[in-house]
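Participant: One structure is given below, represented as structure tokens, and several questions about it will come after.
2 protein chains.
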Amino acid sequence: MLFPLVVNIIMALIAYLVTLRVIPKLKEKFIKANLFGIDMSKTTSDKVPESLGVVSGFIFLVTMVLFIPVAFGNNLLEKGTFPYDEYVKYILALLSICCMLLLGFADDVLDVPWRQKLLLPTIASLPLLMVYYVSFNTTNIIVPKPLQDYLGLSIDIGLIYYVYMGMLAVFCTNAINILAGVNGLEAGQSVVIAISIALFNLVELSGPLWKAHQFSLYFMLPYIGTSLALLKHNWYPASVFVGDTFCYFSGMTFAVVGILGHFSKTTLLFFMPQVFNFLYSSPQLFKLVPCPRHRLPKFNSRENCMELSTTTFRYSELNVLGKLVLGVFRLFKLVHWQEKQGVVVTNNFTLINLTLLYCGPMHEAKLTSILLAIQVLSTGLAFLIRYPFASVFYDVQ
Amino acid sequence: MLFPLVVNIIMALIAYLVTLRVIPKLKEKFIKANLFGIDMSKTTSDKVPESLGVVSGFIFLVTMVLFIPVAFGNNLLEKGTFPYDEYVKYILALLSICCMLLLGFADDVLDVPWRQKLLLPTIASLPLLMVYYVSFNTTNIIVPKPLQDYLGLSIDIGLIYYVYMGMLAVFCTNAINILAGVNGLEAGQSVVIAISIALFNLVELSGPLWKAHQFSLYFMLPYIGTSLALLKHNWYPASVFVGDTFCYFSGMTFAVVGILGHFSKTTLLFFMPQVFNFLYSSPQLFKLVPCPRHRLPKFNSRENCMELSTTTFRYSELNVLGKLVLGVFRLFKLVHWQEKQGVVVTNNFTLINLTLLYCGPMHEAKLTSILLAIQVLSTGLAFLIRYPFASVFYDVQ
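Top line first, the protein sequences correspond to chains H and A. Per the numbering used here, residue 6 is the first one in the first sequence, and the count goes up by one each step. Per the numbering used here, residue 6 is the first one in the second sequence, and the count goes up by one each step.
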């Protein structure tokens, strides 16, 4: 059990070094291929190559492929010992991740409209659903203790389980994609989530389900290696952007590992800032409150710092639900509010703006650091929930 | 055995219709993303969207994923009956094809230099090599009858088998890529090859290795469906180009199916025109004779027909090997030759030019038709070789 893990760590290190060196070499190619963006929070307007996540993602994929013989030894067929279950899961995970990488890159290149973006992770999770159906088709879930008297120890939720799997993939991919916009944030949050999952796996490695956690660990370490290298180039001042590719492929990696390792609820716990950001954003995403094209914080070039970005609208034009949501937000002091003759100015509802609202304008690098600190703190909270509190609802070993 | 095949045919039909309808809708998006080319053999200079092969390839992939439950039923784990072998092969084939599709598309977008192109299929065949090593690792080959007295019935060629697998993938992908340049040729030849493989599978379906051929058939039919739809849009006058993506992914599909179905030698037989074209091209590819940037036939806009394209050089500047090759080509009348004061004009060495040399200038659509007819004829020849003649070398059932 120790040997493959050591090799995995070494391969993750090599993958880190390779990614670190390959990315700068490809920058020109990406710009030439029209894959670039202008950093709106800088005084210069240099072309910054976009979608470099496809590079870190691909190196991750190659690393995982090269690791196959280490994880499973050789000649399984002849030896008659098939770790069938684990083996199919492994290749399946690679297929799902590869599919998502392809679709993510196609999205970056072809610029798919917002609504169709939701479709892409659904399509990419098809292999997962199909193979899960064929190989395992165990759709039993353990019932939380307070409900066991009514429902029994476990119930078969059938089709709902597949819907849940598909939605988890859609959520994980898009959750990272909408908590974005300042240098280093997409890659940073993903690295923190991956480290959280890896820590959780390490703890559980001594438990009865160690195989599933070992499986997850094999994926997380090379993921952390390649993504850290990407983060280094994406950190303030970013010399590359990660692209939708990266958000998609990262989200899919977490979803796949969570589902196949049977710890998807715990995975979701590590997404707390993303869940909060999604809920907080939803009034704008679902158009209850007007949503400008970009909700990024505003760059103040004189002070070289990031400020609240705002949206302006007539209060009377909102519908009842919109007014209600705004009332709740004001009650909990989650909103910057300025009103004059019925015209309201509020901040855009993102976790980034909320951070600026509470901490005041600040330098971009500091903003990213604070947001990542929030991510780290919420991982701590997740462990608190997972371990002491979970025993209230489930029998935890 | 019949039911899944019927479903496969129906799904191939649906995939054909979907591809046919989706391609025109995406044309604008591809042009906007800078993925387009100008057709050099037309009087107009419209932008023709490039790399649409990624669309047909992706629809093929989705079809194959959706077919998984039909091919394997459900709940294999619980039933305790694992067609482990077949199942792993299936997912593995999808992974290899998906990898190649990703790399091919990246190549089209980023424009990888010629030499690195050879690397891409090698990388994409890594999953195949790794999983083959772990699951099967049977590197025995049957020795041809005349050699059996010396080598025995079969020998284990070990590592060489893996080199062979990797090289087959590289060959198949690039062979299609270099027999290209007139509307409909890349997609057309691939469809003919796929139909040839499917016919061969159908014949062998009654043999002892029917499982492997059924496996191949499952892949070939949806492949033919999606590629036919692409061909329809790529046929003269082409409204889309297929891109390197298509050549790569097609070659990989044939290689994977041939390797995992254990009929890679027969697969190669269906590549005879490509093998000839490669050998015939090699003096230019390896720079024994000067090689212009484009070797496409020349478009005569006045007559609206395709003519020989030529290259000009001083005979005295060739090295011995170059002179030798040219001598052989002249001996077998494989070359258009014009010499004046030591300056030689020859045609470019491609099968397309050779066809024009023998049949004279002709319309582009006719040229493609003749080349595809050659492909069909060589399939006939391949069956002749495979069935009557193979019994000289192998015990054929």
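Yeah, the Cβ is synthetic: ideal placement off N, Cα and C, and Gly gets one too. All figures in this text were calculated on a predicted structure; none of them were measured in a lab.
Let me check one thing: in DSSP terms, what residues is E191 (chain H) bridge-paired to?
Facilitator: None, per the DSSP bridge assignment.
Participant: Is the separation between the beta-carbon of V262 (chain H) and that of F224 (chain H) shorter than 7 Å?
Facilitator: Closer than 7 Å, so yes.
Participant: Identify every run of the beta strand (DSSP E) within the stretch 28-116 of chain A, keeping only runs that are complete inside it and at least 3 residues long; order them along the chain.
Facilitator: List check, beta strand (DSSP E) in window: 41-43 and 52-54.
Participant: Hey, could you find the ends of the alpha helix (DSSP H) E369 (chain A) is sitting in?
Facilitator: Residues E369 to L389.
Participant: For W215 (chain H), which three-state DSSP category applies?
Facilitator: It is helical.
Participant: Just to confirm my understanding: we take A370 (chain A), look at its own chain, exclude 5 residues before and 5 after, and list those with CB closer than 8 Å. What are they?
Facilitator: The answer, listed in chain order, is N188, G189, W240 and Y241.
Participant: Nearest to S232 (chain A) by alpha carbon, out of A:L18, A:L7, A:S61 and A:K52?
Facilitator: Cα-wise, what sits closest to S232 (chain A) is A:S61.
Participant: Taking the C-alpha atoms as reference points, what is the distance between K216 (chain H) and V75 (chain H)?
Facilitator: So the alpha carbons of these two residues sit roughly 15 Å apart.
Participant: Less than 7 Å between the beta carbons of T250 (chain A) and D113 (chain A), yes or no?
Facilitator: Cβ atoms of T250 (chain A) and D113 (chain A): closer than 7 Å.
Participant: Excluding the five sequence neighbours on either side, which residues of its own chain have a C-beta within less than 8 Å of the C-beta of Y167 (chain H), listed in chain order?
Facilitator: Cβ within range, chain order: L134, Y137, Y138 and T144.
Participant: Can you tell me whether N239 (chain H) is helix, strand or coil according to DSSP?
Facilitator: Here N239 (chain H) sits in helix by DSSP.
Participant: Going by C-alpha to C-alpha distance, which of H:A260, H:N179, H:H341 and H:A38 sits closest to L4 (chain H)?
Facilitator: Outside the displayed span of chain H (6 to 402) sits residue 4 (chain H), for which this structure offers no information.
Participant: Assuming G58 (chain H) and G256 (chain H) make a contact with CB atoms under 8 Å, what is their CB distance in whole Å?
Facilitator: About 11 Å separates the two Cβ atoms, so there is no contact after all.
Participant: Counting only the same chain and skipping the five closest in sequence on each side, list residues whose C-beta sits under 6 Å from that of A185 (chain A).
Facilitator: Correct list, in chain order: E191.
Participant: Under a CB-based cut-off of 7 Å, is N39 (chain H) close to chain A?
Facilitator: So, interface residue.
Participant: Taking the alpha-carbon positions, what's the V333 (chain H) to H341 (chain H) distance?
Facilitator: Computed Cα separation, rounded: 13 Å.
Participant: Taking Y253 (chain H) as the query, report the chain A residues whose CB atoms sit under 8 Å from its CB, ordered along the chain.
Facilitator: Chain A residues near Y253 (chain H): none, gap ~13 Å exceeds 8 Å.
Participant: With distances taken from CA atoms, which of A:L301, A:F77, A:L204 and A:C103 is nearest F416 (chain A)?
Facilitator: Here chain A has residues from 6 to 402 only, and residue 416 (chain A) is not among them.
Participant: Taking 7 Å as the threshold (C-beta atoms), are F254 (chain A) and L115 (chain A) in contact?
Facilitator: Going by C-beta atoms, L115 (chain A) is not nearer than 7 Å to F254 (chain A).
Participant: What residues of chain H sit near Y166 (chain A), judged by a beta carbon separation below 8 Å?
Facilitator: Within 8 Å Cβ-Cβ: nothing; Y166 (chain A) doesn't reach chain H, min ~13 Å.
Participant: Per DSSP, V349 (chain H) forms a beta bridge with which residues?
Facilitator: According to DSSP, which records beta bridges pairwise, V349 (chain H) is partnered with H:F318 and H:E344.
Participant: Using a 10 Å radius around the Cβ and a threshold of 16 neighbouring Cβ atoms, would you call A174 (chain H) buried or exposed?
Facilitator: With 16 or more Cβ atoms within 10 Å of its Cβ, A174 (chain H) is classed as buried.
Participant: Between Q402 (chain A) and chain H, is any beta-carbon pair separated by less than 7 Å?
Facilitator: With a pLDDT of only 47 at Q402 (chain A), under 50, the local geometry of the prediction cannot be trusted, and the value read off the model is given with reservation. Chain H, which has no Cβ nearer than 7 Å to the Cβ of Q402 (chain A), makes this no.
Participant: Three-state secondary structure (DSSP) at S130 (chain H)?
Facilitator: S130 (chain H): coil per DSSP, three-state reduction.
Participant: I need the straight-line Cα distance from W119 (chain A) to V70 (chain H), nearest angstrom please.
Facilitator: Each residue's alpha carbon lies about 25 Å from the other.
Participant: Measure the C-alpha to C-alpha separation of F220 (chain A) and Q346 (chain A) and round it to an integer number of angstroms.
Facilitator: Taking the straight line joining both Cα atoms gives about 60 Å.
Participant: When you compare only the Cα positions, how much space is there between I162 (chain H) and I147 (chain H)?
Facilitator: Roughly 10 Å separates the two Cα atoms.
Participant: At a Cβ cut of 7 Å, what residues of the stretch 134-158 of chain H count as close to chain A, listed as they run along the chain?
Facilitator: From the stretch 134-158 of chain H, only M135, V136, Y138, V139, S140, F141 and N142 have a Cβ closer than 7 Å to chain A.
Participant: CB-CB under 6 Å to A387 (chain A), same chain, minus the five flanking residues each way: which ones, in chain order?
Facilitator: Excluding positions up to five away in sequence, the list reads L274 and F275.
Participant: Nearer than 6 Å: is that true of the beta carbon of L331 (chain A) relative to any heavy atom of the ligand GTP?
Facilitator: Ligands are entirely absent from the displayed structure, and the ligand GTP is therefore not among its contents.
Participant: Determine the direct distance from the alpha carbon of L158 (chain H) to that of F398 (chain H), and round the result to whole angstroms.
Facilitator: The alpha-carbon atoms of F398 (chain H) and L158 (chain H) are separated by roughly 12 Å.
Participant: Who are the Cβ neighbours of Q402 (chain H) in its own chain at under 8 Å, not counting the five residues just before and after it?
Facilitator: Because Q402 (chain H) sits at a pLDDT of 47, beneath the cut-off of 50, its placement in the model cannot be relied upon, and the point is left open.
Participant: For C447 (chain H), list the residues DSSP reports as bridge partners.
Facilitator: Residue 447 (chain H) lies beyond the range of chain H shown here (6 to 402); nothing can be said about it.
Participant: If you measure from the beta carbon of F338 (chain H) to each beta carbon in chain A, is any gap under 7 Å?
Facilitator: Note on residue identity: the sequence assigns Lys, not Phe, to residue 338 (chain H). Output row for K338 (chain H): interface = no.
Participant: Excluding the 5 residues preceding and the 5 following I183 (chain A) in the sequence, name in chain order all residues of the same chain whose CB lies nearer than 7 Å to its CB.
Facilitator: Cβ neighbours of I183 (chain A) beyond the five flanking positions: N282, F283 and S286.
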